[in-house]
Amino acid sequence: MQQFSLSALIFLLFSISAYAQPCVLGNVSSNGIFYPCDEFDLQSHLDLNDLRATGDGNDIWGWTDPMTGDEYALMGLNNGTAFVDISDPQNPVLLGNLGTHSGNSQWRDIKVVSNYAYIVSEAFDHGMQVFDLTRLRNVSNPPQDFTEDGHIDFGNSRTAHNIVANPETNFVYLVGTNNYSSGGITAVDVSNPTSPQIVANYGDDGYTHDAQCVTYRGPDTEYIGQEICIGLNENEVVVIDYTDKDDPTQISAESYPTRRYVHQGWLTDDHRYLLVNDESDESFINNTRTYIFDLIDLDNPVYLGVHTHTTRAIDHNLYVKGNYVYLANYRAGLRAMKLDDIANSNLNEVAFFDLYPSSDAGSFNGAWSSYPYFKSGNIIVSAIEDGLFVVKPTFPHFVLSNDGASVINLSPGQSRQVSIGYNEYGGFNENVSLSIESVPSDLQITLSTSSISADGTINIQVAANASAATAKYHIVLKGESTSGVEVERLAFGVIVGGSQPACPGDLTVANDPISIPNGTYQASTTLSSAGNIQNGSAVTFKAGQSITLLAGFVAQAGSVFSAVIEDCSTNITNPPTIKDRIDHLTSDVVASPETLTTWLTPNPARDRSMLSVQVEIDLELSIDIFDLSGRKIKVVRSNQRIAIGTHVFELPIGDLKAGVYLVDMRLDDQRWSEKLVVLGEQ
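This is the structure in structure tokens:
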């Protein structure tokens, strides 16, 4: 190996390009500043001037385009939000800025559901902004000045400190508002992204500074499948069941001895442990501290203890990815800690990148937050004074990630498939053995492979025995490296029976005689409709097997209609226009086969939409677009052979009139369709 003297290495730090800087001798140089580092390389750096800020930076989040796989940083600024293309992480491009809805503010927070960003601020009269992220695909002459795609007021002075998202339920949650629920947790339905609706408020536990809301899949089987919110409420941690938006209820509340300001926290990937940071305890304790709870019983959280870090910095935001937690600790920067001894309240620091080199003191400077969830392994970090940093870990590790719904519903004798992503980082090169821990006797679980050695997808087939009893299960997938040094556990939930009987096997939604009311109509097997959805209505059809639009079905321009093939749920609206059963269907359109997963996005769409198709076997594929009279108006693909994997097809809808269309797909001898709402010109 080539040897370098100390002077040569220092010269190297200054002489190589401004970006793609390796961590050498514990430092990285950018714009003439040395940033202390360990096991993080600097990919790129955009300062606040590059981002067109007029003051400080604040929060950050990320978005991955499901069509292209391109990655984007969404960074909050005092004067709005910056959108940066980091698909080439060494050459980031500021695509444009969305200006603040009202005045400037030091506080701005961003979260993403599907392909939309939702942005709140403490700026007076700001409310919540909505931005369609698919607009970032084709930006000419960047940077641009973007406009909102939607907005919602909060009443009175219209501010929120923070925003939380649960993409699985199409809900975002406002926290720290100045006029809802004592600043508690306010649920906003974003199933119609550009017209969000506030549907519920929960303020029984006072002000919520931050929260995490999830579809629960953890070890407390009583709550599997419920929507659980963890509120970080200044003086305590609160666990809330928010499944019933009309009646959110507290499950439990707990705190810790040295609390000063319970600020933010995150669950481990198996929903077993909660890590919490306190933004004020450094005022009387010398070093940064992370507090750890065991949530094996949501009704009785157990405070396990505290991990004390080596710096004196204030901790601000932390996020868990796999077996690691990534902490933005203000003046101490980004710290990566391993979680393999979390049960004993021990965290093991494996990497850091210090964004405030001059000091690690307990002051409010440096790193605000990070986003570690890109498949590429790149991590984006926001610095209050220094802008956007893109870094990449160099410590060897792997990550298992749930690529679909975290909870699946089964009837006895039924089976479903779960797709789990596998990615390697930092030169990890060991084989990983896979196993399911403690398979329940009423379930049969089959892995598509028991050993993996390269990035890809693992499929898990879960089947309920014909005699299976109604029950809920916490299923844990374990991955262990050959050396045993890297171990990962990822959980998903299984519900057998339970919610299934609430949804009828077959369902007819008819115009009898009035138009279909707003709501969600669900069936465990088939659903058909000849109804009329009026302008301004929002109606969703969900069925376990097939959805058929019968003669006479109309979705008028200005309505929002969606059709989804998915498991039956107890969250069902039963308007008087529902008929109980039908004997047969009048169409040969059938369910999406179990070897197929599809995504149609965006939907509704204005001038372009993309169909992503993931198949598990080689198939012959045809895709056509029909109008509701049954007339074929577009041929997208005809008898094309596709191989195992994911394929993306652009749908040519730019010249279509506003209305509802059928995207029809035939795979060998099977057929599937989905509604596409075309919005037409603005």
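For the sequence shown, our numbering assigns the number 29 to the initial residue and increments by one for each residue that follows. Yeah, the Cβ is synthetic: ideal placement off N, Cα and C, and Gly gets one too.
At least 8 angstroms separates the beta-carbon of residue 569 from that of residue 585. A check of alpha carbon separations from residue 291 across 113, 240, 332 identifies 240 as the nearest. Taking 8 angstroms as the cut-off, the beta carbon of residue 147 is found closer than this to the beta carbon of residue 109.
By the neighbour-count criterion, in which a residue is buried when 16 or more other Cβ atoms sit within 10 angstroms of its Cβ, residue 276 is buried. Secondary structure remark: continuous beta strand (DSSP E) runs of at least 3 residues inside the segment 59 to 147, in chain order: 61 to 66, 68 to 74, 85 to 92, 99 to 105, 108 to 113, 121 to 127, 136 to 141.
Assigned with DSSP and collapsed to three states, residue 669 falls in strand.
According to DSSP, residue 225 shares a beta bridge with 217. By the Cβ test, the segment 142 to 158 is not in contact with the segment 450 to 461, since fewer than three Cβ pairs between them sit closer than 8 angstroms. Between residue 436 and residue 334, the C-beta gap is not smaller than 8 angstroms, which leaves the two residues out of contact. Each residue's CA atom was taken as its position, placing residue 573 and residue 534 some 10 angstroms apart. Measuring C-alpha to C-alpha distances from residue 132 to each of 187, 166, 116, 163 identifies 187 as the nearest.
The segment 391 to 403 makes contact with the segment 85 to 94, as at least three CB pairs between them are under 8 angstroms.
DSSP, reduced to helix, strand and coil, places residue 370 within a helical segment of the structure shown.
DSSP places residue 704 within a strand segment (E or B) once states are collapsed to three. In the structure shown, residue 162 adopts helical secondary structure according to DSSP, grouped into three states.
Taken through DSSP and simplified to helix, strand or coil, residue 210 comes out as helix. Per the C-alpha coordinates, the member of 693, 702, 217, 203 positioned closest to residue 234 is 203. Ranked by Cα distance from residue 430, the options 336, 297, 636 are led by 297. When the alpha-carbon of residue 265 is set against those of 287, 345, 252, the nearest one is in 287. Of the residues assessed, residue 668 falls on the exposed side of the cut-off, its CB having fewer than 16 other CB atoms within 10 angstroms.
Only buried fits residue 703, as 16 or more other CB atoms lie within 10 angstroms of its CB. Distances from the CA of residue 166 to each of 485, 339, 113 were compared; the closest alpha carbon is that of 113.
According to the DSSP secondary-structure assignment, residue 664 is paired through a beta bridge with no residue. Per DSSP, the continuous beta strand (DSSP E) segment holding residue 548 begins and ends at 547 to 551.
The DSSP-derived three-state label of residue 269 is strand. A straight line joining the alpha-carbon of residue 198 with that of residue 137 spans about 18 angstroms. DSSP lists 52, 64 as the bridge partner or partners of residue 55.
Under the three-state reduction of DSSP output, residue 311 falls in the helix class. Counting C-beta atoms within 10 angstroms of its own C-beta, residue 318 has 16 or more neighbours from the protein chains shown and is therefore classed as buried. Listed in chain order, the non-local C-beta contacts of residue 379 below 7 angstroms within the same chain comprise 66, 67, 68, 364, 421, 423, local neighbours out to five positions each way being set aside. The distance from the Cβ of residue 106 to that of residue 145 is about 18 angstroms, inconsistent with a contact at the 8 angstroms cut-off. Look at residue 644 here: in three-state DSSP terms it is coil, with no helix or strand label. Around the beta carbon of residue 581, a 10 Å sphere encloses 16 or more other beta carbons of the protein chains shown; the residue is thus reported as buried. A direct Cα-to-Cα measurement between residue 314 and residue 480 gives close to 44 angstroms.
Distance from residue 171 to residue 123 at the Cβ level is roughly 6 angstroms; contact confirmed, criterion being Cβ atoms closer than 8 angstroms. Within the model, the alpha-carbon separation for residue 140 versus residue 174 is close to 17 angstroms.
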